[in-house]
Amino acid sequence: MTSISLKHVSYRYPLDESNVIDDMSFDIEQGLTYALIGANDSGKTTVCNIIRGFIPRFYRGELSGSVEIDGKPVADYDDARLTTMIGYSFQNPFTQMSGVKDNVCEEIAYALENLGVPREEMIPRVDGMIKLLGLEALADKNPFALSGGQKQRVALAAVLVTDPDIVILDEPTSQLDPKGTEDIFDIIGLLKKQGKTIILVEHKIDLIAQYCDRVLLLDDGRLVMNGTAHDVLTDSTVLEHGGQLPQVARYYLERNERFGRHDPIPLTVDEAIAQERKGR
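What follows is the structure in structure tokens.
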């Protein structure tokens with residue numbers, strides 16, 4: 039079981055005068071999917087880099103508080119161990135491509151090569167990942183000749199082939215069209231079924247409502263809400279902190295306020311339909 043705990047964590051980038059993360063505490067439970075939401079520059083990516091040990095190891099700066107994985111400080115893990123424990127997917131898949139491999143198969147295998155995985159073990163793991171993510175038609179193509187959505191899937195495959203317990207996805211659909219976005223969330227669904235712990239930074243709030251178990255709302259470097267997806271994403275307070283609410287929740291909140299009603303607030307379209315049918 040892999041769990042993450044942040045206690046009273048604050049962080050200041052080098053040369054900055056104020057904290058970008060301020061007195062933040064929360065726990066991440068194994069096997070659940072968490073969404074980090076909030077306005078731009080609220081600290082979401084910084085939190086991800088703290089969890090995976092890049093802060094302060096590479097970004098330097100001043101970090102205080104406690105950051106632990108399985109009860110052990112992140113600083114006590116070496117780079118190789120963190121790489122196998124935590125998979126990280128960047129917002130722009132182009133920056134995640136190695137640039138030294140000629141086809142998708144080799145690109146996916148690159149992380150395993152760096153970890154010294156034997157070839158006889160590497161081949162079936164790469165083949166399995168290609169099948170899992172439906173990349174068979176792309177296996178022999180150059181990674182840089184792919185579309186944005188295809189690159190993102192390959193970048194995810196290159197992360198997941200190491201079989202990390204924790205998967206951090208930093209705005210994986212920000213540059214994708216609706217079909218590419220659907221493909222990525224299908225992959226998130228597969229990871230959930232595998233029992234992976236997922237930390238998702240994303241602005242597509244309706245999909246967060248559908249796929250995530252818990253939501254953490256950040257505002258100006260502070261954690262202002264932390265709860266189940268249903269509790270957080272049906273609370274109008276989210277809007278006051280620069281967050282968003284699903285369209286269905288906003289409709290019911292506005293309807294209740296306009297007509298003085300007290301109907302429960304559904305989170306998704308399916309919940310709304312079930313609620314309306316029950317009320318007939």
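First residue of the sequence shown? That's 39 in the numbering used here, and the numbers climb one at a time after it.
Note that CB positions come from ideal geometry on N, CA and C, so glycine has one too.
Remember, predicted model here, so these are calculated numbers, not experimental data.
Practice prompt. Just mark residue 52 as buried or exposed, buried being the case when its beta carbon has 16 or more other beta carbons within 10 Å.
Written response: Counting from 1 along the sequence shown, the entry for residue 52 is found at position 14. With fewer than 16 other Cβ atoms within 10 Å, it is exposed.
Worksheet entry | Buried/exposed call for residue 162, threshold 16 Cβ in 10 Å | Locating residue 162 in the sequence shown gives position 124, counting from the first residue. Its Cβ having fewer than 16 others within 10 Å, residue 162 is exposed.
Worksheet entry | Classification of residue 182 by the beta-carbon crowding that lies within 10 angstroms, buried from 16 upward | Position 144 of the sequence shown, counted from the first residue, corresponds to residue 182. Residue 182 is exposed by the Cβ-count criterion.
Worksheet entry | Euclidean distance between Cα positions of residue 205 and residue 177 | Residue numbering aside, residue 205 sits at position 167 when the sequence shown is read from its first letter. Residue numbering aside, residue 177 sits at position 139 when the sequence shown is read from its first letter. C-alpha separation (whole angstroms): 23 Å.
Discussion item. Just to check my reading of the structure: residue 43 and residue 67 have Cβ atoms closer than 8 Å, yes? What is that Cβ distance to the nearest angstrom?
Written reply: Counting from 1 along the sequence shown, the entry for residue 43 is found at position 5. Counting from 1 along the sequence shown, the entry for residue 67 is found at position 29. With a Cβ gap of about 10 Å, residue 43 and residue 67 do not count as contacting.
Worksheet entry | Contact set for residue 173: own chain, Cβ-Cβ below 7 Å, skip 5 residues either direction | As a working note, residue 173 is residue 135 in the sequence shown. These residues qualify, in order along the chain: 142, 191, 192, 195.
Worksheet item: Using the rule of at least 16 other Cβ atoms within 10 Å of the residue's Cβ for burial, across every protein chain shown, is residue 282 buried or exposed?
Response: What you label residue 282 is simply residue 244 of the sequence shown in a count that begins at 1. Counting Cβ neighbours within 10 Å, residue 282 comes out buried, since at least 16 surround it.
Discussion item. Can you look up residue 169 in the DSSP assignment and give me helix, strand or coil?
Written reply: Counting from one through the sequence shown, the residue named residue 169 turns up at place 131. The answer is helix: DSSP assigns residue 169 an H, G or I state.
Worksheet entry | Pick from 242, 238, 56 that is closest to residue 74, judged by C-alpha positions | Reading the sequence shown from its first residue, position 36 is the one you call residue 74. Out of 242, 238, 56, 238 has the C-alpha closest to the C-alpha of residue 74.
Worksheet item: Using DSSP with H/G/I as helix, E/B as strand and the rest coil, what is residue 293?
Response: Counted from its first residue, the sequence shown places residue 293 at position 255. Note: residue 293 maps to helix in three-state DSSP.
Worksheet item: Rounded C-beta distance between residue 76 and residue 269? I'm assuming under 8 Å.
Response: The residue you call residue 76 lines up with position 38 of the sequence shown. The residue you call residue 269 lines up with position 231 of the sequence shown. At roughly 16 Å, the Cβ-Cβ gap does not stay under 8 Å, so residue 76 and residue 269 are not in contact.
Worksheet item: Can you tell me where the beta strand (DSSP E) with residue 64 in it begins and where it stops?
Response: Position 26 of the sequence shown holds residue 64. First-last of the beta strand (DSSP E) with residue 64: 59 to 66.
Fill in: C-beta contact flag for residue 223 and residue 245 at 7 Å
Start at 1 with the first residue of the sequence shown, and residue 223 comes out as number 185. Start at 1 with the first residue of the sequence shown, and residue 245 comes out as number 207. In contact: residue 223 and residue 245 (Cβ atoms closer than 7 Å).
Practice prompt. For the alpha helix (DSSP H) holding residue 221, just list the boundary residues, first then last.
Written response: Along the sequence shown, read from residue 1 onward, the residue named residue 221 stands at position 183. Here the alpha helix (DSSP H) through residue 221 covers 216 to 231.
Worksheet entry | residue 171 versus residue 296: straight-line alpha-carbon distance, rounded | Working through the sequence shown from its first residue, we reach residue 171 at position 133. Working through the sequence shown from its first residue, we reach residue 296 at position 258. Cα-Cα distance, rounded: 46 Å.
Item to complete: Answer with buried or exposed for residue 149, where buried requires no fewer than 16 other C-beta atoms within 10 angstroms of its C-beta.
Response: Taking the sequence shown and counting its residues from 1, the one referred to as residue 149 is at position 111. Its Cβ being crowded by 16 or more others within 10 Å, residue 149 is buried.
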